[in-house]
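The structure under discussion appears below in the form of structure tokens.
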Amino acid sequence: MTAIRGAARIAGVYEHPGRHLPGTSLPQIHAEVALGALADAGLTLSDVDAYFCAGDAPGFGAISMAEYLGLRLRHLDSTESGGSSYLMHLGHAAAAIAAGQCRVALITLGGKPRTGGAPPGGSMNDSRAPEYAFETPFGAPTVAQYALAAQRHMYEFGTTSAQLAEIKVAASLHAQHNPHALLPRPVTLEEVLDSPMISDPLHRLDCCVVTDGGGALVVVSPDVARSLDRTSVTLLGQGESVKYAGGRIDLTYTGAVWSGPAAFEQAGLKPADIGYASIYDSFTITVLQCLEDLGFCEKGQGGPFVAEGNLRAPDGLLPFNTDGGGLCNNHPGNRGGMTKVIEAVRQLRAEAHPAVQVADCRFALAHGSGGSLGTRAGAATVILGREDV
Amino acid sequence: MSKLPVTLPDPAALTEESKPFWEGLAAGQLRLQRCDDCAEVIWYPRGLCPHCGSVALAWFTASGQGTVYSFTVVRRTGGPFGAAVPYMVGYVELAEGPRVLTNIVDCDPGQVGIGQPVQCVFDYDEGGRALLRFRPVT
């Protein structure tokens, strides 16, 4: 056990209902989700004393956004690790709360890739990055980098396209209950396999959606949580890591092999204790590899594990992404970590859609990846507990 | 020569430490660095060994031979490669150890599998600078 376990609670969450927001500026999306999450917690902007944002925040990161939101801060953090950023922020916020540096931390995400325009700041396309000259000239879009991992996983373990497709099918069955989902229609295995090949072996329906939008979390100290009327969720464990090619890339595993065990150890739990999992699903292969790396099945057995229907809510062994995930619901700013935490909180508050609500959900896991599965990526895992456990 | 765009990084984006690599490609040689202290062959070129932290690195000319570690056929994309689809992106495991991101060229996409032996080719731009790509060998 470490100081993180129980040091902080998530008291408010908010997922922007918009999926295409051409008439709303990026800072205003951050503001709308901030207000939404604070209202959910029963707090206001004046209660916030710590702020966390990643590379999607415009301008000078937390400094620009603090001014826009009118925050008075004594702690700030602009850790940027792509889609996993917000799960890293959760751990950092808990550590800061445990150290007495803040009591109410706000974490925001906003993005407008569906509208288009300039990509978020950050880094992956910075020509000064040391790897840039050795990878950029080869025309490997993001999907190709994940496809390379899928191809190698198939070669080593016999994983099939149909097994990957089941991940999309399960997500689509969940999305039909989400009125905000971009793609609410259930799809069949055949539809996934018959969709156009984008980068072998990944089809169009192996890829996540592109949406505008955002989300926010309010993380508070236990004493603040007790003063609120709203049900909160306890942060039991968090782990983070970075995986890189290092000249000897192994495409069959992700940084979850480090972030997962670290989170479970802090929480004092094991994979079998988890009733619900939010797994960042940039592509179907991302979910498959992370399920293995987090210990929900043996390495290489992700294909059979998902093909057995284990991901389907509410009765599967490990219901996942019950909002429809990035594959069907929402992928704001091309960063999936935030919505993963939000749906895990809904499950632990028993506020998921009744058709996908996991019965007696006591412990949930959320996992985010950021960057490219094939080259370099951040990974962060959080384990959350229901208020009464 | 492949039919893919040969778009080298802006010279200003190249690090001082990696210049011998790019000069080697222009001269038709694949030059890699080996660590004098831990003997690892490192990738990508840089000013220290990421395996042991040593700055004692020595350039040598590699064989240019390798095998396909993984591959994909890009069938839809935007930008300068959009008109080149379908084309292959892969990781090639060099005979000297490193696995490098590259294109597999001079073959029909999809004919190449994991484990396929390959040989490096130097894809020149109009200015005589080159990219490192690979073609299958039988």
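Top to bottom, those sequences are chains A and B.
All residue numbers for the first sequence refer to my numbering, where the first residue is 199 and numbers rise by one.
All residue numbers for the second sequence refer to my numbering, where the first residue is 61 and numbers rise by one.
Glycine included, each C-beta is placed from N, C-alpha and C at the ideal position.
Given a length threshold of 3 residues, each whole run of the beta strand (DSSP E) inside the stretch 323-406 of chain A is given here in chain order: 395-397.
In this structure, B/Gly175 sits near B/Val128, with a CB-CB distance shorter than 8 Å. When Cβ pairs closer than 8 Å are counted between the two stretches, the stretch 520-533 of chain A is seen to touch the stretch 374-387 of chain A, the count reaching three or more. Beyond the five residues adjoining it in sequence on each side, A/Ser370 comes within less than 6 Å, by CB distance, of Pro384, Val385 and Cys526 in the same chain, given in chain order. Look at the stretch 539-584 of chain A and you find these whole runs of beta strand (DSSP E), each 3 residues long or longer: 561-569 and 574-583. Between the alpha carbons of B/Gln93 and B/Val197 lies a gap of roughly 25 Å.
Put simply, the CB of A/Tyr330 is near chain B, with a gap under 8 Å to one of its CB atoms. In the three-state reduction of the DSSP assignment, A/Gly204 falls in the coil class. The C-beta distance from A/Phe462 to B/Leu161 rounds to 33 Å, too long to meet the 8 Å contact threshold. Only those residues of the stretch 395-417 of chain A whose C-beta falls short of 9 Å from the nearest C-beta of chain B are listed: Met395, Ile396, Ser397, Asp398, Pro399, Leu400 and Arg402. A residue is called buried when at least 16 other Cβ atoms come within 10 angstroms of its Cβ; A/Asn508 meets this threshold and is buried. Exclusion of the five residues before and after A/Gly204 leaves Pro420, Thr432, Leu433 and Leu434 as the residues of its chain whose Cβ lies within less than 8 Å of its Cβ.
Taking CB atoms only, A/Arg446 has a neighbour in chain B less than 8 Å away. Counting of Cβ neighbours within 10 angstroms places A/Lys468 among the exposed residues, the total staying below 16. In the three-state scheme derived from DSSP, where H, G and I count as helix and E and B as strand, B/Asn163 is classed as strand. Residue contact with chain B for A/Tyr353: present (Cβ-Cβ distance below 8 Å to some residue of chain B).
Our two residues, A/Tyr451 and A/Ala470, have alpha carbons roughly 20 Å apart in a direct line. Taken in chain order, the unbroken stretches of alpha helix (DSSP H) that lie wholly in the stretch 414-468 of chain A and span 4 residues or more are 420-424 and 454-465. Boundaries of the beta strand (DSSP E) harbouring B/Phe194: Ala190 to Pro196, taken from the DSSP string. Closer than 8 Å to the CB of A/Ser325 there is at least one CB belonging to chain B. Excluding its 5 nearest sequence neighbours in each direction, A/Ala345 has C-beta neighbours in its own chain below 7 Å: Ser397, Asp398, Pro399 and Leu400, listed in chain order. Under DSSP, A/Met286 shares a beta bridge with no residue.
When 8 Å is used as the limit between beta carbons, A/Pro459 is near no residue of chain B, the shortest such separation being about 24 Å.
Looking at the DSSP output, A/Asp275 shares a beta bridge with A/Phe250. Against chain A, the CB of B/Pro177 has no partner CB under 8 Å away; the residue lies outside that interface.
At the C-beta level, A/Ala342 and A/Ile202 stay beyond 8 Å of one another. Put simply, of B/Arg195, B/Gly187, B/Arg193 and B/Phe194 the residue whose alpha carbon is nearest the alpha carbon of B/Asp70 is B/Gly187. Between B/Trp103 and chain A, the shortest Cβ-Cβ separation is below 8 Å. By the criterion of a C-beta distance shorter than 7 Å, B/Glu153 is surrounded in its chain by Gly126, Thr127, Tyr129 and Arg159, once the five residues flanking it on both sides are discounted.
Rounded to the nearest whole angstrom, the C-alpha separation of A/Leu274 and A/Ser282 is 18 Å.
Annotation for A/Pro225: the continuous alpha helix (DSSP H) segment containing it runs Leu224 to Ala239. In terms of Cα proximity to A/Gly268, the closest of A/Ile447, A/Thr242, A/Arg350 and A/Thr334 is A/Thr242. Residue pairing from DSSP leaves A/Met536 without any beta-bridge partner. In the structure shown, the three-state DSSP call for B/Ser78 is helix. Excluding its 5 nearest sequence neighbours in each direction, A/Val211 has C-beta neighbours in its own chain below 8 Å: Ala235, Asp238, Gly413, Ala414, Leu415, Val416, Val539, Ile540, Val543 and Arg544, listed in chain order. Taking a 10 Å sphere around the C-beta of A/Ala553, we find fewer than 16 other C-beta atoms and assign the residue as exposed.
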